[in-house]
Each structure stands twice: as C-alpha cells, then as structure tokens.
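Student: In the working numbering, each residue carries its 1-based index in the sequence shown increased by 19. Glycine residues also receive a C-beta, built at the ideal position from the N, C-alpha and C atoms. The structure presented is a predicted model; accordingly, all values stated were derived computationally and were not measured.
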Amino acid sequence: MSVWLIIIVLAIVLGLYLLQFVFIFSMEYRRPVRLAAWLTITIMLPVVGAALYLLLARPVDSVSSHRHKRLAREQLLKAGKLTTNAESFADLNGHPQLAGQEQLYQLLSAAKGRCITLRNKVQLLQNGQDTYEAILKAIANAKTYIHLDYYTIRNDGIGSRFKQALIERAKAGVEVRVLYDGIGSLHLSQAFIQDLVAAGIRTSCFLPPRHAWYERRLNNRNHSKIAVIDGKIGFVGGINIGDEYLGQNQKLGFWRDTHVRLEGDAVYFLQQLFRSDWAFAAHEELDEERYMPKHHCQGHDPVLITPGGPDQIGEPILEAVVASVMAAQTSICLSTPYFIPDPGLLMALRVAALSGVDVRIIIPGKGDSQLVLWATLSYVEPLLKAGIRVFRYKKGFIHAKVLIIDRMLASVGTANMDMRSFYNNYEQNALLFDSDSIAQLAKDFRQDERDSEELSLAHFAKRPVMQKMAEAAAHLLSPLL
Numbered sequence: 020m021s022v023w024l025i026i027i028v029l030a031i032v033l034g035l036y037l038l039q040f041v042f043i044f045s046m047e048y049r050r051p052v053r054l055a056a057w058l059t060i061t062i063m064l065p066v067v068g069a070a071l072y073l074l075l076a077r078p079v080d081s082v083s084s085h086r087h088k089r090l091a092r093e094q095l096l097k098a099g100k101l102t103t104n105a106e107s108f109a110d111l112n113g114h115p116q117l118a119g120q121e122q123l124y125q126l127l128s129a130a131k132g133r134c135i136t137l138r139n140k141v142q143l144l145q146n147g148q149d150t151y152e153a154i155l156k157a158i159a160n161a162k163t164y165i166h167l168d169y170y171t172i173r174n175d176g177i178g179s180r181f182k183q184a185l186i187e188r189a190k191a192g193v194e195v196r197v198l199y200d201g202i203g204s205l206h207l208s209q210a211f212i213q214d215l216v217a218a219g220i221r222t223s224c225f226l227p228p229r230h231a232w233y234e235r236r237l238n239n240r241n242h243s244k245i246a247v248i249d250g251k252i253g254f255v256g257g258i259n260i261g262d263e264y265l266g267q268n269q270k271l272g273f274w275r276d277t278h279v280r281l282e283g284d285a286v287y288f289l290q291q292l293f294r295s296d297w298a299f300a301a302h303e304e305l306d307e308e309r310y311m312p313k314h315h316c317q318g319h320d321p322v323l324i325t326p327g328g329p330d331q332i333g334e335p336i337l338e339a340v341v342a343s344v345m346a347a348q349t350s351i352c353l354s355t356p357y358f359i360p361d362p363g364l365l366m367a368l369r370v371a372a373l374s375g376v377d378v379r380i381i382i383p384g385k386g387d388s389q390l391v392l393w394a395t396l397s398y399v400e401p402l403l404k405a406g407i408r409v410f411r412y413k414k415g416f417i418h419a420k421v422l423i424i425d426r427m428l429a430s431v432g433t434a435n436m437d438m439r440s441f442y443n444n445y446e447q448n449a450l451l452f453d454s455d456s457i458a459q460l461a462k463d464f465r466q467d468e469r470d471s472e473e474l475s476l477a478h479f480a481k482r483p484v485m486q487k488m489a490e491a492a493a494h495l496l497s498p499l500l
C-alpha cells in the first residue's frame, strides 16, 4: 500500500471521526449539558457513541405532539363543567397562600388550557399500601368506566390484585382501559394482558420498544401514574403497580412514596391526559361528552395539574419548579429519588439558600440504580457549600417526589428532579395550594428527616477517592440518565 493511499485512508477516517462531533454539536449546541454528555460518550466510544446518539437522542424540537387535544379551560367553561376556577389572580383572594405572588400565578397559569381549579377535594396517601387500597376501593365502586395509565405494571402480587379487580368490574359491565409504557412495563407478561383482553378489557402499549427504536423515541417514556374512575375520581403521584412499592424488594426494603387522590374539577385534566395518551397509543378517540362528565364536588381545595413532555411548548414542570423556588421566602423542602437538576434549578436552589431561605433536600441513602445514585451525589458538595441541608434517607428507599414552598404551595407527582423528567418523559404533577395538604406534607417531610442522616460538608468531603471518581464520571453522563 502506497504512502499516499495510507494518508488518504487516515484522512477519511479522521474526517469521519471529526464529523461525529460536528453533527452532535450542530444538534445539541443549545443544550450545553447534553452536548457535553454526548461528546464524552462519543470520545469514549467512537462510532458507537454516534450510533447511540442517532438511536436515542431524538432532538426535542423534532418530537411531534401526541397529546394533540390539550384540554382548554375555555371548552370546559363553555360546557358549564368547570364550576369554579382562577380566571385571574383576583379569584384567589379566598386563598391567601398566594398573596403577593402575582408573577408566580402568571407563570403557573401561562400555558393555554391550564388553570388553577378551585373546587376539589384532596387526600394525601403516604405509602403503597394506602394508595393501593384507595385505588382498589375506587375501582370496586366504579359504575361506568376505569382508566389506568401507568409507566410500570408488574405481574406480581399487587399486579394480580389489580388484574382481578379490573376483570370483576369488566364482567359487571364497566368499561376498562389499561395503558402501559413499553419500556417501564417491558417484563409484563403476555399472559397477564391476555387475561385482561379475555375479560373484555381494552389494553394498549405506549411506544412499544420496536416502534420506539424505529422512531428514535426510546428516551421518550410515558412516566404517567394516572387512574381515573368514572371521570370523577383521579389518582396521581409516584406509585406504579408493583410489589416493590409495598416494600417487598429485598435490596431496597421499605418504600417511601407519596400519591394523591383527587375529586373535582382537577380530574378533568387527568382524564384529558389519559384520553390523549390513549388516542396516540390505541388509535381510539374517546368521546368528550361521555368521558368528561360534570362534577358535583363540594370541596374547596385549589389544584393545578401541570403536564410535562417533549410535546409541550417549553418545559412546564421545570418552569413551575424554578419559579416556585425563586418565590420562596422562608423554606424549601424537597424530596426526590433522583436529583440531577437542570443548571437553572441548581442555581435557583443555591441562590435561595444564600439569600437566607431554609433549603432542605432528602435523597436516597441507597438507590435502585448505582449509576444514578453516583450522579445524584455528584451534586451534593455544591449544595452543602451554599448552606443547603442535605439528608440521605436510611429507613429504606425514598421515591416520593415532593416539593414544599413555604406554606404557599406543594407539588406531588410523577416527575423526578432530573433532566430526564424535565425534558424527555411525559409527566404530570399536581400543585396543591390548600393549607391542610401542605401542612400534612410538611409533617411527613419532618418524619422523613428523622429517618435520614444529615450530611456535613466536612465529613462528605472525606469520602473515598474511588467514589469521587465514580461520581465525576456519572456527573458527565447525568444529563442522559
């Protein structure tokens, strides 16, 4: 082989190698943290890294909307279904929690189709046992239809209880639909599905792995945990359907989580999320008149359902979290199983603490993913340096996704405090404004603190060098975890 041929071959190889970085840079330059992560992978795994990017990193701008019929409050008002809602900040006069927070209200209600509904009843559920019993009770009392939209459904003990409960109601003439995510429920057996179908239950898989792979949407998971009964009772929060949520995972032990039972106008917005997801996955449009019945709830709890996902304009959940943190005057309490914050959120938390706000964060003592736990720990030192108090949960595994701002508002939902939830997954959070719910969540948070170990900067800085190296490596990849 001549010298010139070798030079030409090497030049082509080098050109292709550099082309990977040019391509990734052109696609991700607006998101520097993701850019750095993908460049790191491509440097470590030439060609393979670029191939993974092509398969997994579908640019957000190119993700078409599947939730094609976002529920507009104007439609509900016209139909006389929204009994009371905050059309303007003045409508919240009877709820002093948001006094003086016109800018925060503007942000929370900025998206078309969303509103703070004022007529709801909120019930907090603090663990898997209470949550399952509440949902199964609602299922047993269902009269017309049951809609479940879950990231994970397992064919285990609690999964079997749900299957039998759904089959019983289906045989009684109740319409039942079950939607599950193709990756989150990857190990759900066909026998489980066939048993449901044989009873007349409609099932559908959201982005099955083969389709998601072909469409480059493996990263866009439906992380929902929605149950809607008769269009009048809804559930949302952190709890999927699986025995681990009952503390039966030997590695993780006790599972600490939070879920919400809702009655009232907020259920319309959970139902609409289900209708949209179902239309996308099952290609069936559910009639609004039948599946969005009028409520007669006499509650007075304000609730805002905030959806998130790559089909949204902007990042509504991240925007709501950052705006809420920036509005805090006295305290911020945050618990999350995965803390991989957007740079803006990290800065907002640090600025709040440096401004004298009491900021406390509870993260797992042991995690269900070692890589993600290392990534979470990689953010701890700058938090401690800013005066933020960080606790590691020791009683078991904390999976609760809760944010409490002063005594002004609280958020409970499906979204973790990580970039996957903020940018990639389809999520939904319930923002609560009633004083009783906020007080209960604060009480639970204090108990979680007592079940945790507080970290000190001096002690944390002395962790082993190998752990620091693992955290550094995980930090580089954290935007993709």
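Which of the three DSSP states, helix, strand or coil, is assigned to HIS242?
Tutor: For the purposes of this step, residue 242 is taken as residue 223 along the sequence shown, with counting starting at 1. In this structure, HIS242 counts as coil in the three-state DSSP scheme.
Student: With distances taken Cα to Cα, identify the nearest neighbour of TYR170 among ILE260, VAL409, ARG426.
Tutor: Walking along the sequence shown from the start, residue 170 turns up at place 151. Cα-wise, what sits closest to TYR170 is ILE260.
Student: By DSSP, does THR433 sit in helix, in strand, or in coil?
Tutor: Start at 1 with the first residue of the sequence shown, and residue 433 comes out as number 414. Correct three-state label for THR433: coil.
Student: List, from N- to C-terminal side, the alpha helix (DSSP H) runs of 4 residues or more that fit wholly inside the segment 344 to 382.
Tutor: With a minimum length of 4 residues, the continuous alpha helix (DSSP H) runs that stay inside the segment 344 to 382 are 362 to 373.
Student: What do you reckon, are the CB atoms on ASP320 and ASP453 nearer than 8 Å?
Tutor: As a position in the sequence shown, residue 320 is number 301, starting the count at 1. As a position in the sequence shown, residue 453 is number 434, starting the count at 1. The answer is yes: Cβ separation under 8 Å.
Student: Taking the C-alpha atoms as reference points, what is the distance between LEU117 and ASP276?
Tutor: Within the sequence shown, numbered from 1, the residue matching residue 117 stands at position 98. Within the sequence shown, numbered from 1, the residue matching residue 276 stands at position 257. In a straight line, the C-alpha of LEU117 is about 27 Å away from that of ASP276.
Student: Contact between the segment 343 to 358 and the segment 420 to 428 is defined here as three or more beta-carbon pairs at a separation below 8 Å; is this criterion met?
Tutor: yes
Student: Could you compute how far the alpha carbon of ILE186 sits from the alpha carbon of ASN435?
Tutor: Against the sequence shown, residue 186 aligns to sequence position 167. Against the sequence shown, residue 435 aligns to sequence position 416. Distance between the alpha carbons of ILE186 and ASN435 is about 32 Å.
Student: Grab the span of the alpha helix (DSSP H) containing LEU296 for me, first residue to last.
Tutor: Here residue 296 refers to the residue found at position 277 of the sequence shown. Position check: residue 296 holds Asp in this sequence, whereas Leu was assumed. Where ASP296 is concerned, the enclosing alpha helix (DSSP H) stretches over 285 to 301.
Student: Taking the CB atoms as reference points, tell me whether LEU123 and ALA301 lie closer together than 8 Å.
Tutor: What you label residue 123 is simply residue 104 of the sequence shown in a count that begins at 1. What you label residue 301 is simply residue 282 of the sequence shown in a count that begins at 1. Cβ distance not < 8 Å, so LEU123 and ALA301 don't count as in contact.
Student: Could you pull the start and end residues of the beta strand (DSSP E) that GLU472 belongs to?
Tutor: Position 453 of the sequence shown, counting from 1, holds the residue named residue 472. GLU472 -> beta strand (DSSP E) spans 471 to 473.
Student: How many Å lie between ARG173 and THR395 at the Cα?
Tutor: Within the sequence shown, the letter at position 154 stands for residue 173. Within the sequence shown, the letter at position 376 stands for residue 395. Approximately 27 Å, taken between the alpha carbons.
Student: Just confirm the distance between the C-beta atoms of PHE441 and ILE332, as a whole number of angstroms; I'd bet it's less than 8 Å.
Tutor: The count along the sequence shown starts at 1 and reaches residue 441 at position 422. The count along the sequence shown starts at 1 and reaches residue 332 at position 313. PHE441 to ILE332, Cβ: 14 Å. No contact.
Student: Check whether the Cβ of PHE288 lies closer than 7 Å to any heavy atom of the ligand MN, and answer yes or no.
Tutor: For the ligand MN, the structure offers nothing, since it holds no ligand at all.
Student: Would you call VAL340 buried or exposed, if buried means 16 or more other Cβ atoms sit within 10 Å of its Cβ?
Tutor: In the sequence shown, residue 340 corresponds to position 321, counting from 1. Buried: at least 16 other Cβ atoms inside 10 Å.
Student: Assuming ARG275 is part of the beta strand (DSSP E), what are its boundary residues?
Tutor: Here the question's residue 275 lines up with position 256 in the sequence shown. That run of the beta strand (DSSP E) goes 273 to 275.
Student: Which value, in whole angstroms, describes the spacing of the CA atoms of GLY415 and VAL279?
Tutor: On the sequence shown, residue 415 is found 396 positions in, with the first residue counted as 1. On the sequence shown, residue 279 is found 260 positions in, with the first residue counted as 1. Approximately 21 Å, taken between the alpha carbons.
Student: Tell me where the alpha helix (DSSP H) around LEU127 begins and ends.
Tutor: For the purposes of this step, residue 127 is taken as residue 108 along the sequence shown, with counting starting at 1. Unbroken alpha helix (DSSP H) run through LEU127: 121 to 127.
Student: If LEU323 and LEU450 are in contact, beta carbons under 8 Å, what's the gap, nearest whole angstrom?
Tutor: Position 304 of the sequence shown, counting from 1, holds the residue named residue 323. Position 431 of the sequence shown, counting from 1, holds the residue named residue 450. About 4 Å; that satisfies the 8 Å criterion.
Student: What is the C-beta distance between ARG188 and ALA217, in whole angstroms, given that I count them as a contact (C-beta under 8 Å)?
Tutor: Here residue 188 is taken as the residue at index 169 of the sequence shown, counted from 1. Here residue 217 is taken as the residue at index 198 of the sequence shown, counted from 1. The Cβ separation is near 15 Å, so there is no contact.
Student: Quick one, which of GLN183, GLU446, LEU474 has its alpha-carbon nearest ARG240's?
Tutor: Numbered from its first residue, the sequence shown carries residue 240 at position 221. For the residues GLN183, GLU446, LEU474, the minimum Cα distance to ARG240 belongs to GLU446.
Student: Start and end of the beta strand (DSSP E) containing VAL141?
Tutor: Here residue 141 refers to the residue found at position 122 when the sequence shown is read from its first residue. VAL141 -> beta strand (DSSP E) spans 139 to 144.
Student: How is the alpha helix (DSSP H) around GLY178 delimited, first residue to last?
Tutor: Position 159 of the sequence shown, counted from the start, is the residue given in the question as residue 178. For GLY178, the uninterrupted alpha helix (DSSP H) run begins and ends at 176 to 190, by DSSP.
Student: Hey, could you find the ends of the beta strand (DSSP E) HIS325 is sitting in?
Tutor: By one-based count along the sequence shown, residue 325 stands at place 306. This sequence places Thr at residue 325; His is not what is there. Residues 322 to 327.
Student: Leaving out the 5 sequence neighbours to the left and right, which residues in its chain are closer than 8 Å to ALA371 when beta-carbon positions are compared?
Tutor: What you label residue 371 is simply residue 352 of the sequence shown in a count that begins at 1. Answer for ALA371: VAL344, MET345, ALA347, ILE351, VAL378, listed in chain order.
Student: Please work out which residues of its chain come closer than 7 Å, Cβ to Cβ, to VAL484, disregarding the five sequence neighbours upstream and downstream, and give them in chain order.
Tutor: In the sequence shown, residue 484 corresponds to position 465, counting from 1. Same-chain partners within the cutoff: there are none.
Student: Take every Cβ of the segment 252 to 269, pair it with every Cβ of the segment 404 to 411, and state whether three or more of those distances are shorter than 8 Å.
Tutor: no
Student: Exposed or buried, what is SER204 when buried is set at 16 or more other beta-carbons lying within 10 Å of its beta-carbon?
Tutor: The count along the sequence shown starts at 1 and reaches residue 204 at position 185. Sixteen is the threshold: when 16 or more other Cβ atoms of the shown chains lie within 10 Å of the Cβ of SER204, as they do, the residue is buried.
Student: Applying the criterion that 16 or more other CB atoms from any shown protein chain within 10 Å of the CB defines a buried residue, is ASP467 buried or exposed?
Tutor: Counted from its first residue, the sequence shown places residue 467 at position 448. Buried, because 16 or more other Cβ atoms sit within 10 Å of the Cβ of ASP467.
Student: Going by Cα to Cα distance, which pick from LEU198, ILE252, LEU265 is closest to PHE293?
Tutor: Stepping through the sequence shown from its first residue, residue 293 is reached at position 274. Of all alpha-carbon atoms in LEU198, ILE252, LEU265, the one lying nearest the alpha-carbon of PHE293 is that of LEU198.
Student: By how many angstroms is the C-alpha of LEU215 removed from the C-alpha of ASP175?
Tutor: Your numbering for residue 175 matches position 156 in the sequence shown. Your numbering for residue 215 matches position 196 in the sequence shown. C-alpha separation (whole angstroms): 15 Å.
Student: Quick check on LYS182: buried or exposed, where buried means 16 or more other Cβ atoms within 10 Å of its Cβ?
Tutor: In the sequence shown, residue 182 corresponds to position 163, counting from 1. LYS182 is buried by the Cβ-count criterion.
Student: With ASP249 and TYR164 assumed to form a contact (beta carbons below 8 Å), what rounded beta-carbon distance in angstroms separates them?
Tutor: If you number the sequence shown from 1, residue 249 lands on position 230. If you number the sequence shown from 1, residue 164 lands on position 145. About 6 Å separates the two Cβ atoms, so the contact holds.
Student: Given a threshold of 16 other Cβ atoms within 10 Å of its Cβ, counted over all protein chains shown, does LEU373 qualify as buried or as exposed?
Tutor: Here residue 373 corresponds to residue number 354 of the sequence shown, with the count starting at 1. Result: exposed.
Student: Helix, strand or coil: which one does DSSP assign to GLU490?
Tutor: To locate residue 490, count along the sequence shown from 1; it is residue 471. Here GLU490 sits in helix by DSSP.
Student: Given this structure, state the Cα-to-Cα distance separating ASN448 from ALA461, to the nearest angstrom.
Tutor: Position 429 of the sequence shown holds residue 448. Position 442 of the sequence shown holds residue 461. Their Cα atoms are separated by approximately 18 Å.
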